[in-house]
Amino acid sequence: MSRVLIVAEHAAGKLSSATARCVRCAGQLPQADITIAVFSADGAAAAEAARLEGVNKVLRIDAPVHTHALAATIAPQLAEIARGGYSHVFGPSTTFGKDLMPRVAALLDVPQLSDIMAVESEHRFRRPVYAGNAIITVEVDEPLIVATVRTASFQAVGAGAAAAPIETVTPSVALPTHTRFIEVSAPSGDRPDLQAAARVISGGRALGSAENFQLLYKLADKLGAAVGASRAAVDSGYAPNDLQVGQTGKIIAPDLYIAIGISGAIQHLTGIKDARTIVAINKDGDAPIFEIADIGLVGDLFKILPELEALL
Amino acid sequence: MSCRCRVRGVTPERHSRILQCMKRILVAIKRVVDFNVRIRVKPDGSGVMLDGVKWSINPFDEIAVEEALRIKERGGAEEVVVASIGPADCQPQLRTALAMGADRALHVETTEAIEPLTAAKLLLKLVERESPLLVLMGKQAIDDDNNQTGQMLAALWNRPQATFASKLELTDTTARVAREVDAGLETLEVDLPAVVTTDLRLNEPRYVKLPEIMKAKKKPLLTLKPDELGITLTKRLKLLKTEAPSVRKKGVMVTTADELVAALKQRGVLS
Ligand SMILES: Cc1cc2nc3c(=O)[nH]c(=O)nc-3n(C[C@H](O)[C@H](O)[C@H](O)COP(=O)(O)OP(=O)(O)OC[C@H]3O[C@@H](n4cnc5c(N)ncnc54)[C@H](O)[C@@H]3O)c2cc1C
Ligand SMILES: Nc1ncnc2c1ncn2[C@@H]1O[C@H](COP(=O)(O)O)[C@@H](O)[C@H]1O
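The structure is reproduced here in C-alpha cells:
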C-alpha cells in the first residue's frame, strides 16, 4: 500500500487547483491512501481538501505563523508528520512546492524528485530534464519518497461522494523565527489564474511596450482567457513576472494557447508543450514557434490583433 | 564585523581565525551544457549527447556571482569565494568566476554525477570551513532542472532560505529579499547567515575582459576531494533511461484572421 501525504497549497482561504492535481498523481500509486496536510492560521481550505475525490484524511495544522506559507516553518512540521509511516510526500511543482519540498527532504535525509510527470510504479517515475528536451525514468529505493508533482501533467480531481474526516494535529517541533514574511504584491490582480485557465494568450518582445501589451488583455477578456508572457516581455517590463511562461516561469497546459510575437525559444516551449491547441502569430515564417503550433498565422500582430478582436 | 585581515602569508591557526571574522559570500556554481545547445538524446537511451558541446556556468549561478560581486563592491562583503563540485573540467568555469571578480575558488573534485542532497552536504562542509554570512546559489541548474540544492543546504545548515530572488538588500544582520513567486513578488526578511537562490531578473552579469582572464589565472584555486571533506558519495536515485520527449503533430498554416477563427471553430476550441 502507498501512504501518501500531500501538502495543500491555498491562498485567501481557497484551495489551489495544484492540490487537486497532486491528488490525481498520488491516486496513480498502487493502493493509494491519501492524506492532505493543510497548514494555515485557521483551518481555511481544510473542508475543501476533504471533499476532493480519493482523499482519505485531512490533517489541519493551525498556527498564526501559517498565515503566509513559509518553507522554513512548514518544513519541520511536515517532516515530523511524514515520519509517521508515510511512503510518499508530495507537493506541487509551483513556487510554493519547489521552495518547500527540498527542505522537507533534507530534514528527512532523503533525496527529492522534481516535477514528476508520470507514475510508473511505487518507486519509479518519469520527469523532464534539460528544459523538457529529455525525459528520464528514475527509480528511488527509499522507504520514503519526497517529490514535487508537475501540475501540468495531471488533471485536477473533482469532488468525491463523501467528505474525508478532518483531524487537527500539532506536531511537536520548535519553529524557527529567522524568516519573516513582509508582503506579497500581486500585480495581476483578479485576472484569471494562468495555471488554472483553459485559455491563455501570451505576448512576447514584439509587443514593444507595456501599453501595447494591454491589447492582449482586451482580446483575453473576450475569450475569458488568462494572459501570459515570454521572458523577454517580462524582462522588458511589458508584463509582470508572474505572467512568465516557460522553463523558469509557469508550466501550463491550457486547452488553447495563443502565442503572439513570441519566437518559440526552447525555454518558452517547454512551458506550453502540453497545451491541447497551440496557435502562433508571428511575422517571421521561420520562427521556431511554428514547429509546434497546431495553427500558424504569419503576419504583423498589430494588424491581426484588431481583426481578431472584431471577429470574436 | 569589520575586521580587515589579509589571508595570505599567515599561520594556519591565524588563517582559521581570519576565516571566521571576514564578511564573506560563498557562491556555488555548477558547470552545465550551455543554454544555447540543442540537447539530443542518445539513441540507446543511456543519456544525452555531450560530446563536443559548449559548457558554461549555469546561468543562474552567473547571476549569483554577479550579485555577490556587487554586494562586495558596495562594501557589504569583504570576500567572494566561488565553489564548484564536479570533474577537473569545471575549473574553467571557476576561472571565469574569478575573472568576473571573485577572490578565491574551491573545487570539490569528483567525476561522479552528484545528486542535489549530496551537493548540499558537500556545500555544507564548505560553509563550515568558510563561515560565510551569505550563500548565493542559482535557483536551478538548467541540466537536471532540479531546483533543490539551495533549499537542502539551508535545511541541513538549519538557516533561512530565500529562493527565486529578484532583489536583495543586506544589512549587518538581515537580508530583505523580493522573491518571484507564482502570485507575484513576495518579500521576506531573513536573519543572516542565510541561503539565497537567484532568479533571472536579479541582475545582468558583467562581461569578462581579457586582462581579467589573465589576472584570474593567478588567483587561488583550492582542490578538495569529497572524502577530505568527510563525505562519502552515495547514489540514491537510479537513472533507468533517457528518452526524447514526444513530438507534436505538424500543424496547419492559415493566412488571415478569418481563417484562424474558422480553424479554431473546426477544432472545437471556439464555439
Ligand atoms: C536559463 C534561461 C531560462 C529561460 N527561461 C525562459 C522562460 O521561462 N520563458 C521564456 O519565455 N523565455 C525564457 N528564456 C529566454 C528565451 O531563451 C528567449 O530569449 C525568450 O523566450 C524570447 O522571448 P520572445 O520570443 O518574446 O522574444 P524574441 O525571441 O525576440 O522573439 C520575438 C518574436 O516576435 C516576432 N515579431 C516581431 N515583431 C512582430 C510583429 N509586429 N508581429 C508579429 N510578430 C513579430 C519576431 O519575428 C520574433 O519571432 C530563458 C533563457 C535562459 C537562458
Ligand atoms: N555540482 C555543483 N557544484 C556547485 N554548485 C552546485 C552544484 N549542483 C548544484 N549547485 C548549486 O545549486 C543550485 C541549484 O541546483 P539544482 O538543485 O541542481 O537545480 C545551482 O544553481 C548551483 O548554485
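Same order as they appear, the protein sequences are chains A and B.
What the first sequence shows, in the working numbering, is residues 1 to 312, in sequence order.
What the second sequence shows, in the working numbering, is residues 1001 to 1271, in sequence order.
Glycine included, every Cβ here is placed at the ideal spot set by N, Cα and C.
It should be emphasised that the depicted structure is a prediction, and the values quoted were computed from it without experimental measurement.
Residue 99 of chain A: member of the alpha helix (DSSP H) spanning 95–107, first to last residue. Assigned with DSSP and collapsed to three states, residue 304 of chain A falls in helix.
Contact note: residue 308 of chain A reaches chain B through 1257, 1260 and 1261, using a C-beta cutoff of 8 Å and chain order. Put simply, the residues with a CB less than 7 Å from any heavy atom of ligand 2 are B:1028, B:1029, B:1030, B:1058, B:1060, B:1061, B:1064, B:1083, B:1084, B:1085, B:1086, B:1114, B:1116, B:1119, B:1123, B:1137, B:1138, B:1139, B:1140, B:1141, B:1144, B:1145, B:1146, B:1147, B:1148, B:1149, B:1150 and B:1197, in chain order. Following the DSSP letters along the chain, one finds residue 1036 of chain B in no beta strand (DSSP E), marked with neither H nor E. Against chain A, a Cβ distance below 8 Å from residue 1056 of chain B picks out nothing, because the smallest value is about 14 Å. Under a criterion of Cβ atoms nearer than 8 Å, the residues of chain A adjacent to residue 1238 of chain B are, in order, 138, 139, 140 and 141.
The C-beta of residue 268 of chain A comes no closer than 8 Å to any C-beta of chain B. Listed in chain order, the positions of the segment 1085–1119 of chain B with a beta carbon within less than 8 Å of a beta carbon of chain A are 1115, 1116 and 1117. Here residue 222 of chain A has 312 as same chain residues with Cβ atoms under 6 Å from its own Cβ, once five neighbours each way along the sequence are excluded. In this structure, residue 1187 of chain B has its CB at a distance of at least 7 Å from all heavy atoms of ligand 1.
Within the chosen limit of 7 Å, ligand 1 does not reach the beta carbon of residue 1203 of chain B with any heavy atom.
In this structure, the alpha-carbon of residue 247 of chain A lies about 37 Å from that of residue 170 of chain A.
Pairing residue 277 of chain A with residue 256 of chain A gives a Cβ-Cβ distance under 8 Å.
Taking 8 Å as the threshold, the shortest C-beta distance from residue 256 of chain A to chain B falls below it. For the segment 147–223 of chain A, the full-length alpha helix (DSSP H) segments reaching 4 residues or more read 210–223 along the chain. Under the DSSP assignment, residue 39 of chain A falls in the beta strand (DSSP E) whose first and last residues are 32–40.
Along the segment 142–176 of chain A, the positions whose C-beta sits under 8 Å from a C-beta of chain B are 142 and 176, read in chain order. The beta carbon of residue 239 of chain A is closer than 6 Å to those of 213, 229 and 233 in its chain, skipping five residues each way along the sequence. Under the 8 Å Cβ criterion, the segment 136–153 of chain A does not count as touching the segment 39–47 of chain A, having fewer than three qualifying pairs.
When beta bridges are read from the DSSP output, residue 1164 of chain B appears opposite no residue. Setting aside the 5 residues that flank it on each side, residue 1111 of chain B is surrounded in the same chain by 1087, each with a C-beta closer than 6 Å to its C-beta; the list follows chain order.
Proximity of residue 1155 of chain B to chain A, defined by a Cβ-Cβ separation below 8 Å, is satisfied.
In the structure shown, residue 282 of chain A adopts extended strand secondary structure according to DSSP, grouped into three states. Annotated as proximal: residue 145 of chain A and residue 87 of chain A, with beta-carbon spacing under 8 Å. Buried is the label assigned to residue 130 of chain A, since at least 16 other Cβ atoms lie within 10 Å of its Cβ. Using a Cβ distance threshold of 8 Å, residue 1160 of chain B and residue 66 of chain A do not count as a contacting pair.
The DSSP-derived three-state label of residue 66 of chain A is helix. Residue side-chain check: residue 94 of chain A keeps its Cβ at 7 Å or more from all non-hydrogen atoms of ligand 1. Taken from the Cβ of residue 1034 of chain B, every heavy atom of ligand 1 lies 7 Å or farther away.
For residue 241 of chain A, the secondary structure class from DSSP, reduced to helix, strand or coil, is helix.
Proximity of the beta carbon of residue 1246 of chain B to ligand 1 is not indicated: no heavy atom of the ligand is located closer than 7 Å.
Listed along chain B are 1159, 1160, 1190, 1191 and 1194, each with a C-beta nearer than 8 Å to that of residue 178 of chain A. For residue 195 of chain A, the shortest C-beta to heavy atom distance toward ligand 1 is 7 Å or greater. Nearest to residue 73 of chain A by C-alpha distance, out of A:259, A:41, A:244 and A:292, is A:41. Contact holds between the segment 1129–1143 of chain B and the segment 1183–1198 of chain B, because three or more Cβ pairs, one in each stretch, are under 8 Å apart.
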